[in-house]
Amino acid sequence: MEHMNQTMVTFFIIQGISSLPRLQVFIFFLVLIIYLFTLGGNMTILLLVCLDSYLHTPMYFFLANLSVLDISSSTVSLHKILGAFMTGDSKVSFPGCMIQFYIFSWLACSELLILTAMSYDRYVAICKPLRYSVIMNSKMCALLATVCWVTSLVEVIPYVALLSQFSCYKSNIINHFFCDLVPLLDLSCSDTSTLRLLSLIEGLLLLSLTPFVLTFTPYVFIIASILRIQSNTGRHKAFYTCSSHITVVVLLYVTLVCQYLRPTTSDSLESNKLFSLFNTAAVPMLNPMIYSLKNRDVKLSLRRKLKLAKISETK
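My numbering applies: residue 1247 is where the sequence shown begins, and numbers increase by one.
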């Protein structure tokens, strides 16, 4: 342990998921496999949406944004522990730590807002089907996506600004596998009250609760609209178009609640790493599976591309 007795640090050491040496190899291959599946699944979704004109619709435009976010957030959060196992270097500079925290927070907030935009898209598709193509035109989709990315980019600046000003830390060993807010606050011996208050007020209300409310409010109108559909086939089809999105949303928010809305103790920091690993590795891997396995259009698009690939090989 490299304890810094209330002194300023120039670098941090990422402890990783587990400090037990006998588990390191198993954890490395587990995380690597999950990461490769995340890359493969999301790259497949992204390529299909870009290459198949049948998928050039608002829903798949936002799904492509979600895939970019999943690939990016997994890479940002997992690259250090994967690299540390191969090189033995688990150090990260102080500026590098702040940059990692900023990028990851930006991507995480963007994902919540993109899911909100997808919820609005489903609302228009089911509740206003005759005006869907007019409301959700290409300009509106681009505007919504831009607002999601830029708003998140600005929202997380105060956190990094305050965190980077902390003058001392009790240790330079981060009990986590990347630079996240909770373990950094636990390490700091500076006055963290302002950042904790900001995290409670803005983080809970603006960054979390507001997207949550904006995401689930359209589903009140969606469910009401679906229940007014007379035929069972129509109701089933309407529910089917929303099932993938609502599954991803519930999965993500449940993980975030378990990860951040709990008291900070030594035991909670250990369990926080597991929830964080699930959020940063497993959820991005599951997202393309949920959308592809439950989505007929994606499966048909994949079959068309595979068929074209086989035809081109035979020529």
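For glycine and all other residues, C-beta sits at the position ideal for the given N, C-alpha and C.
On a predicted model such as this, the values are computed, not experimentally measured, just so you know.
DSSP places residue 1417 in the uninterrupted beta strand (DSSP E) bounded by 1415-1417. The bridge partners DSSP lists for residue 1434 are 1415. A Cβ-Cβ contact shorter than 8 Å links residue 1425 with residue 1346. Excluding five sequence positions before and after residue 1524, the CB atoms of its chain that fall closer than 8 Å to its own CB belong to 1501, given in chain order. Counting every other CB atom within 10 Å of its CB across the protein chains shown gives residue 1258 a total of 16 or more, marking it as buried. Using a Cβ distance threshold of 8 Å, residue 1491 and residue 1365 count as a contacting pair.
Residues of the same chain with a CB within less than 7 Å of the CB of residue 1358, apart from the 5 flanking positions on each side, are 1457 in chain order. Taking a contact to require three or more Cβ pairs closer than 8 Å, the stretch 1279-1299 and the stretch 1315-1326 qualify as touching. A Cβ-Cβ distance of about 34 Å is found for the pair residue 1423 and residue 1545, leaving them out of contact under the 8 Å criterion.
Distance from the Cα of residue 1308 is smallest, within the candidate group 1273, 1389 and 1260, for 1389. Non-local beta-carbon contacts of residue 1538 in its own chain, meaning distances under 8 Å to residues more than five positions away in sequence, involve 1287, 1290, 1291, 1544, 1545 and 1548 in chain order.
For residue 1380, the closest C-alpha among the options 1332, 1304, 1451 and 1475 is that of 1304. Here residue 1468 is not near residue 1394, since their CB atoms are 8 Å or more apart. Between residue 1340 and residue 1255, the CB-CB gap stays under 8 Å.
Burial is judged here by how many other beta carbons sit within 10 angstroms of a residue's own beta carbon; residue 1542 has fewer than 16 and is exposed. The beta carbon of residue 1277 lies closer than 8 Å to those of 1263, 1324, 1327, 1328, 1523 and 1527 in the same chain, with the five residues before and after it left out.
With fewer than 16 neighbouring CB atoms inside 10 Å of its own CB, residue 1272 falls in the exposed class.
Excluding residues up to 5 positions away in sequence, 1288, 1291 and 1292 lie with their Cβ nearer than 6 Å to the Cβ of residue 1313 in the same chain.
A direct Cα-to-Cα measurement between residue 1361 and residue 1484 gives close to 18 Å. For the set 1330, 1310 and 1285, the Cα lying nearest the Cα of residue 1261 is the one of 1330.
Between residue 1410 and residue 1344, the C-beta spacing is below 8 Å.
The DSSP-derived three-state label of residue 1445 is helix.
Assignment of beta-bridge partners to residue 1259 by DSSP yields 1337 and 1419. In this structure, 1332 is the residue among 1332, 1294, 1301 and 1321 with its C-alpha nearest to the C-alpha of residue 1275.
Between residue 1553 and residue 1297, the gap from beta carbon to beta carbon reaches 8 Å or more.
Between residue 1431 and residue 1438, the C-beta gap is smaller than 8 Å, which places the two residues in contact. With respect to the C-alpha of residue 1530, the residue from 1517, 1497 and 1397 having the closest C-alpha is 1497. Residue burial is scored here from C-beta neighbours: residue 1382 has at least 16 other C-beta atoms within 10 angstroms and is therefore classed as buried. Collapsing the DSSP output to three states places residue 1425 in coil.
Linking residue 1302 to residue 1427 through their CA atoms gives a straight-line distance of about 38 Å.
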